[in-house]
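If you read the sequence shown in our numbering, its first letter stands for residue 6, the second for the next number, and so on.
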Amino acid sequence: MDIDGLLVSAYFFLCNYKSFSAHRVNSNDVMDEGPVAIISPFNFPLEIPVLQLMGSLFMGNKPVLKPAEKCSIVMEQFIRLLHAVGAPIDDIDFLNSEGLVAEALVTNDCVKLTQFTGSSRVAEILAVKTRGKVKIEDAGKICLY
6 MDIDGLLVSA YFFLCNYKSF SAHRVNSNDV MDEGPVAIIS PFNFPLEIPV
56 LQLMGSLFMG NKPVLKPAEK CSIVMEQFIR LLHAVGAPID DIDFLNSEGL
106 VAEALVTNDC VKLTQFTGSS RVAEILAVKT RGKVKIEDAG KICLY
(Lines of atoms letter the chains of each structure in order from A and count residues from 1; the text may use other names and numbers.)
(Lines give C-alpha, C1' and ligand atoms only; values in the text may rest on other atoms or scores of the structure.)
Protein backbone atom coordinates (compact mmCIF):
# COMPACT_ATOMS: atom_id res chain seq x y z
CA MET A 1 0.00 0.00 0.00
CA ASP A 2 1.41 3.40 -0.89
CA ILE A 3 1.23 6.42 1.39
CA ASP A 4 -1.85 7.78 -0.38
CA GLY A 5 -3.72 4.54 0.16
CA LEU A 6 -2.68 4.45 3.80
CA LEU A 7 -3.78 8.01 4.40
CA VAL A 8 -7.14 7.33 2.77
CA SER A 9 -7.55 4.22 4.95
CA ALA A 10 -6.55 6.10 8.08
CA TYR A 11 -8.84 9.01 7.22
CA PHE A 12 -11.74 6.61 6.58
CA PHE A 13 -11.06 4.93 9.91
CA LEU A 14 -10.85 8.23 11.79
CA CYS A 15 -14.05 9.56 10.22
CA ASN A 16 -15.98 6.35 10.84
CA TYR A 17 -14.61 5.37 14.24
CA LYS A 18 -17.95 5.71 15.98
CA SER A 19 -19.68 3.41 13.51
CA PHE A 20 -16.86 0.88 13.96
CA SER A 21 -17.54 1.09 17.69
CA ALA A 22 -21.27 0.58 17.11
CA HIS A 23 -20.51 -2.46 14.93
CA ARG A 24 -18.46 -3.89 17.77
CA VAL A 25 -21.34 -3.57 20.19
CA ASN A 26 -24.12 -4.75 17.86
CA SER A 27 -22.54 -7.45 15.72
CA ASN A 28 -22.39 -11.19 15.99
CA ASP A 29 -19.24 -11.03 13.82
CA VAL A 30 -17.17 -9.62 16.66
CA MET A 31 -14.50 -12.01 17.88
CA ASP A 32 -13.49 -10.37 21.15
CA GLU A 33 -10.42 -12.26 22.24
CA GLY A 34 -9.32 -9.70 24.79
CA PRO A 35 -6.11 -7.67 24.83
CA VAL A 36 -4.00 -7.93 21.67
CA ALA A 37 -0.37 -6.77 21.72
CA ILE A 38 0.76 -5.04 18.53
CA ILE A 39 4.52 -4.71 18.13
CA SER A 40 5.30 -2.64 15.08
CA PRO A 41 8.56 -2.00 13.18
CA PHE A 42 10.54 1.20 12.81
CA ASN A 43 10.54 1.17 9.01
CA PHE A 44 6.73 1.41 8.67
CA PRO A 45 5.83 3.58 11.68
CA LEU A 46 2.29 4.39 10.52
CA GLU A 47 1.08 1.87 7.94
CA ILE A 48 1.49 -1.42 9.78
CA PRO A 49 0.27 -0.35 13.22
CA VAL A 50 -2.70 1.60 11.83
CA LEU A 51 -3.90 -1.38 9.80
CA GLN A 52 -3.43 -3.71 12.76
CA LEU A 53 -5.21 -1.26 15.07
CA MET A 54 -8.15 -1.00 12.68
CA GLY A 55 -8.54 -4.77 12.55
CA SER A 56 -8.16 -5.24 16.27
CA LEU A 57 -10.64 -2.50 17.20
CA PHE A 58 -13.14 -3.52 14.54
CA MET A 59 -13.21 -7.07 15.86
CA GLY A 60 -13.78 -5.88 19.42
CA ASN A 61 -10.35 -6.48 20.87
CA LYS A 62 -8.39 -4.05 23.02
CA PRO A 63 -5.06 -3.30 21.34
CA VAL A 64 -1.94 -2.63 23.37
CA LEU A 65 0.32 -0.86 20.90
CA LYS A 66 4.09 -1.07 21.33
CA PRO A 67 5.73 0.79 18.44
CA ALA A 68 9.47 0.83 17.79
CA GLU A 69 11.20 3.21 20.20
CA LYS A 70 12.86 5.12 17.34
CA CYS A 71 9.56 6.35 15.93
CA SER A 72 6.95 6.02 18.67
CA ILE A 73 5.96 9.68 18.27
CA VAL A 74 4.23 8.80 14.97
CA MET A 75 1.73 6.46 16.61
CA GLU A 76 1.42 8.65 19.67
CA GLN A 77 0.22 11.46 17.41
CA PHE A 78 -2.12 9.12 15.52
CA ILE A 79 -3.72 8.04 18.79
CA ARG A 80 -4.15 11.70 19.72
CA LEU A 81 -6.01 12.11 16.40
CA LEU A 82 -8.26 9.18 17.32
CA HIS A 83 -9.06 10.86 20.63
CA ALA A 84 -9.71 14.17 18.85
CA VAL A 85 -12.40 12.52 16.68
CA GLY A 86 -14.11 10.93 19.64
CA ALA A 87 -12.34 7.65 20.32
CA PRO A 88 -12.62 6.78 24.00
CA ILE A 89 -9.27 7.06 25.75
CA ASP A 90 -9.69 3.52 27.13
CA ASP A 91 -9.96 1.87 23.69
CA ILE A 92 -6.20 1.71 23.02
CA ASP A 93 -3.27 1.27 25.36
CA PHE A 94 0.04 2.75 24.22
CA LEU A 95 3.33 1.40 25.51
CA ASN A 96 6.52 3.31 24.74
CA SER A 97 9.23 1.06 26.11
CA GLU A 98 12.24 -1.10 25.41
CA GLY A 99 12.40 -4.84 24.92
CA LEU A 100 12.15 -6.06 28.51
CA VAL A 101 8.86 -4.28 29.14
CA ALA A 102 7.51 -5.53 25.80
CA GLU A 103 8.54 -9.06 26.75
CA ALA A 104 6.59 -8.77 29.99
CA LEU A 105 3.59 -7.61 27.97
CA VAL A 106 3.55 -10.45 25.45
CA THR A 107 4.18 -13.15 28.05
CA ASN A 108 1.36 -11.88 30.27
CA ASP A 109 -1.53 -14.36 30.39
CA CYS A 110 -4.05 -11.54 29.85
CA VAL A 111 -2.70 -10.90 26.34
CA LYS A 112 -4.51 -13.30 24.04
CA LEU A 113 -2.53 -12.65 20.85
CA THR A 114 0.59 -10.79 19.78
CA GLN A 115 0.89 -9.31 16.30
CA PHE A 116 4.54 -8.78 15.42
CA THR A 117 6.23 -7.38 12.35
CA GLY A 118 10.01 -7.34 12.40
CA SER A 119 13.17 -9.37 12.32
CA SER A 120 13.40 -13.14 12.11
CA ARG A 121 15.57 -13.25 15.22
CA VAL A 122 12.97 -11.50 17.40
CA ALA A 123 10.13 -13.45 15.73
CA GLU A 124 11.70 -16.76 16.74
CA ILE A 125 12.11 -15.56 20.33
CA LEU A 126 8.49 -14.36 20.45
CA ALA A 127 7.16 -17.64 19.06
CA VAL A 128 8.81 -19.48 21.95
CA LYS A 129 8.04 -16.96 24.71
CA THR A 130 4.36 -16.57 23.75
CA ARG A 131 3.91 -20.33 23.39
CA GLY A 132 2.51 -19.84 19.91
CA LYS A 133 0.11 -16.97 20.73
CA VAL A 134 1.67 -14.81 18.04
CA LYS A 135 0.99 -13.80 14.47
CA ILE A 136 4.31 -13.01 12.82
CA GLU A 137 4.99 -11.10 9.65
CA ASP A 138 8.67 -11.40 8.89
CA ALA A 139 9.62 -8.70 6.40
CA GLY A 140 6.36 -9.37 4.57
CA LYS A 141 7.49 -12.86 3.55
CA ILE A 142 6.40 -15.31 6.19
CA CYS A 143 3.28 -15.56 8.29
CA LEU A 144 3.36 -17.94 11.26
CA TYR A 145 0.58 -18.72 13.72
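By construction, the Cβ of each residue, glycine as well, lies at the ideal position given by its N, Cα and C atoms.
With respect to the beta strand (DSSP E) encompassing Phe5, which residues constitute its N-terminal and C-terminal limits? Because residue 5 is not part of the residues shown, which for the chain are 6 to 150, the question remains open.
Can you look up Asp114 in the DSSP assignment and give me helix, strand or coil? Correct three-state label for Asp114: coil.
Validate contact between the region 114-122 and the region 86-105 using beta carbons, cut 8 Å, 3 pairs: No, they do not touch.
For the candidate residues Ile84, Pro46, Ile78, Gly137, whose alpha-carbon lies nearest to that of Pro68? Ranking the options by Cα distance to Pro68, first place goes to Ile84.
How big is the Cα-Cα spacing for Glu52 and Val41? Taking the straight line joining both Cα atoms gives about 18 Å.
C-alpha gap between Leu105 and Val111, whole angstroms: Looking at the two C-alpha atoms, the distance is approximately 10 Å.
Cα separation between Ser102 and Thr122? When rounded, the distance between both Cα atoms is 16 Å.
How many Å lie between Ala128 and Gly65 at the Cα? Distance from the CA atom of Ala128 to the CA atom of Gly65, rounded to whole angstroms, is 25 Å.
Status (buried if at least 16 other CB within 10 Å, exposed otherwise) for Gly137: Per the 10 Å Cβ criterion, exposed.
In this structure, how does DSSP classify Leu131 when only helix, strand and coil are distinguished? DSSP places Leu131 in the helix class (H, G or I) of the three-state scheme.
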